[in-house]
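Numbering (our numbering), first residue to last: 1 to 302.
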């Protein structure tokens, strides 16, 4: 048990003797109920222990953290990996109402967006944009829960610049077959978040061996996806539940799409005009799109 209580718990033990009565109450709760405390806000801990929220914040500062958010992240690192996903979700939401769950999940997503924005490497973002535009062919790979992210980016890259290959095979050998002609003129974008995909990593290794430019979209500097990439874009995704949050990664990808459009606006306009003309000529979408309910043209149809 001692191994999983490193860091935060050592600080609590070191400072405990000089804590106030209220702070000792908080310390005892953290040590005895860390599996629940890791998911609680300062206000929730304060309410649970009948102390003020400012006392909880001062407790976090008193053991050496720059406020409660940093303390909570450190506590999360201590607990992470020690509980199964279902167990973690049960601990977090056991006593929550449906409204509380909605608020907690969306606030967690907002926090991850803010953290991603604060930590994003704008220089790497610019390199990624230029690399994607200059590449002869862009290869994209994102598996399992990252599949929708890769599909979203591939859809818009195809509109913006063409020559996009979305790798979606469940077989590594088939993936290599699809990448057979990748070269130094090309770009490979690997998207992977915990739990990381070994197939995506091997595809990135292959692309790197063929001297293609490799871009990683992942969660941190500790991600194995950085092993073979020359450009790394990080987005927070570590919501502790049965489903990881991909809101921040999707927002980062959306920013990539917008930045690419702004780099070559005339080309994008030409491509969209061509697509619109094709739709009109072949009557594409006439039976596949629904206007807003208040739109008179839809109401007149029938």
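Glycine included, C-beta positions come from ideal geometry on N, C-alpha and C.
Within the segment 192 to 260, ranges of the beta strand (DSSP E) (whole runs, at least 3 residues) = 213 to 218 and 231 to 234
key: Helix, strand or coil at residue 187 according to DSSP, with G and I counted as helix   = Here residue 187 corresponds to residue number 187 of the chain shown, with the count starting at 1. Strand.
ask   = Alpha carbon to alpha carbon, how far is residue 43 from residue 50?
value = The sequence position of residue 43 within the chain shown is 43, counting from 1. The sequence position of residue 50 within the chain shown is 50, counting from 1. In a straight line, the C-alpha of residue 43 is about 10 Å away from that of residue 50.
query = Is residue 62 helix, strand or coil when you go by DSSP?
reply = Position 62 of the chain shown holds residue 62. In this structure, residue 62 counts as helix in the three-state DSSP scheme.
message = Applying the 10 Å Cβ sphere with the 16-neighbour rule, what's the burial state of residue 275?
response = The sequence position of residue 275 within the chain shown is 275, counting from 1. Counting Cβ neighbours within 10 Å, residue 275 comes out exposed, since fewer than 16 surround it.
request  = Return the CA-CA distance between residue 138 and residue 188, expressed in angstroms with no decimal places.
outcome  = As a position in the chain shown, residue 138 is number 138, starting the count at 1. As a position in the chain shown, residue 188 is number 188, starting the count at 1. Approximately 6 Å, taken between the alpha carbons.
key: Residue environment, residue 106, which counts as buried when at least 16 other CB atoms sit within 10 Å   = One-based indexing of the chain shown puts residue 106 at position 106. It counts as exposed.
ask   = Among residues of its own chain, excluding the 5 on either side of residue 125, which ones have a beta-carbon nearer than 7 Å to its beta-carbon?
value = Locating residue 125 in the chain shown gives position 125, where the first residue counts as 1. Around residue 125: 233.
task = With a threshold of 16 other CB atoms inside 10 Å of the CB of residue 12, please say whether the residue is buried or exposed.
result = Within the chain shown, residue 12 is the residue found at index 12, counting from 1. Label assigned to residue 12: buried.
request  = Starting from residue 147, follow the alpha helix (DSSP H) in both directions and report where the run begins and ends.
outcome  = In the chain shown, counting from the first residue as 1, residue 147 sits at position 147. Segment 147 to 160, the alpha helix (DSSP H) holding residue 147.
query = What number of angstroms, rounded off, separates the C-alpha of residue 177 from the C-alpha of residue 254?
reply = Start at 1 with the first residue of the chain shown, and residue 177 comes out as number 177. Start at 1 with the first residue of the chain shown, and residue 254 comes out as number 254. In a straight line, the C-alpha of residue 177 is about 29 Å away from that of residue 254.
query = Apart from the five residues on each side of it in sequence, which residues of its chain come closer than 8 Å, Cβ to Cβ, to residue 237?
reply = Residue mapping note: residue 237 aligns to position 237 of the chain shown, counting from 1. For residue 237, where only same-chain residues beyond five positions count, the Cβ hits under 8 Å are 112, 193, 194, 219, 244, 245, 246, 248 and 249.
ask   = Does the beta-carbon of residue 63 have 16 or more other beta-carbons within 10 angstroms, so that it is buried, or is it exposed?
value = Mapped onto the chain shown, residue 63 falls at position 63. Counting Cβ neighbours within 10 Å, residue 63 comes out buried, since at least 16 surround it.
query = Where does residue 143 fall in DSSP's three states?
reply = Here residue 143 corresponds to residue number 143 of the chain shown, with the count starting at 1. Coil.
task = Quick one: measure Cβ to Cβ for residue 212 and residue 116, integer angstroms, because I've assumed they're closer than 8 Å.
result = Counting from 1 along the chain shown, the entry for residue 212 is found at position 212. Counting from 1 along the chain shown, the entry for residue 116 is found at position 116. At roughly 26 Å, the Cβ-Cβ gap does not stay under 8 Å, so residue 212 and residue 116 are not in contact.
Residue span of the beta strand (DSSP E) that contains residue 317, given as start and end = This structure cannot settle anything about residue 317, because the visible part of the chain is limited to 1 through 302.
key: Contacting residues, own chain, Cβ-Cβ under 6 Å from residue 30 (five flanking each side not counted)   = Taking the chain shown and counting its residues from 1, the one referred to as residue 30 is at position 30. Taken in chain order, the residues that qualify are 37.
ask   = Is the segment 197 to 217 close to the segment 126 to 146, with three or more CB pairs under 8 Å?
value = yes
query = Three-state secondary structure (DSSP) at residue 7?
reply = Reading the chain shown from its first residue, position 7 is the one you call residue 7. Residue 7 falls in the coil class under three-state DSSP.
According to DSSP, residues forming a beta bridge with residue 138 = Taking the first residue of the chain shown as position 1, residue 138 is located at position 138. Answer by DSSP bridge pairing, in chain order: 164 and 187.
ask   = Are the beta-carbon atoms of residue 183 and residue 175 separated by less than 8 Å?
value = For the purposes of this step, residue 183 is identified with residue 183 of the chain shown, where counting begins at 1. For the purposes of this step, residue 175 is identified with residue 175 of the chain shown, where counting begins at 1. Cβ distance not < 8 Å, so residue 183 and residue 175 don't count as in contact.
query = Between residue 141 and residue 167, which are expected to be in contact by the criterion C-beta below 8 Å, what is the C-beta distance as a whole number of angstroms?
reply = In the chain shown, residue 141 corresponds to position 141, counting from 1. In the chain shown, residue 167 corresponds to position 167, counting from 1. With a Cβ gap of about 4 Å, residue 141 and residue 167 count as contacting.
ask   = Given residue 149, which residues of its chain have a CB within under 8 Å of its CB, disregarding the five upstream and five downstream residues?
value = Here residue 149 refers to the residue found at position 149 when the chain shown is read from its first residue. 142, 191, 217, 246, 249, 250 and 253.
query = If we cut at 8 Å on Cβ distances, does residue 65 have a partner in chain B?
reply = Protein chain content of the structure displayed is limited to a single chain, and chain B is not contained in it.
key: residue 201 versus residue 221: straight-line alpha-carbon distance, rounded   = For the purposes of this step, residue 201 is taken as the residue at position 201 of the chain shown. For the purposes of this step, residue 221 is taken as the residue at position 221 of the chain shown. Approximately 15 Å, taken between the alpha carbons.
task = Find the nearest neighbour of residue 72 within the set 123, 266, 8 and 14, judged by alpha-carbon distance.
result = For the purposes of this step, residue 72 is taken as residue 72 along the chain shown, with counting starting at 1. Minimum Cα distance to residue 72 is reached at 8.
query = Leaving out five residues before and five after residue 60 in sequence, what residues of the same chain have Cβ atoms less than 7 Å from its Cβ?
reply = In the chain shown, the residue the question calls residue 60 occupies position 60. Taken in chain order, the residues that qualify are 67, 68 and 71.
query = Distance, Cα to Cα, residue 129 vs residue 230?
reply = In the chain shown, residue 129 corresponds to position 129, counting from 1. In the chain shown, residue 230 corresponds to position 230, counting from 1. The straight-line gap from Cα to Cα measures roughly 13 Å.
ask   = For the alpha helix (DSSP H) that contains residue 73, what are its first and last residues?
value = Numbered from its first residue, the chain shown carries residue 73 at position 73. Segment 68 to 79, the alpha helix (DSSP H) holding residue 73.
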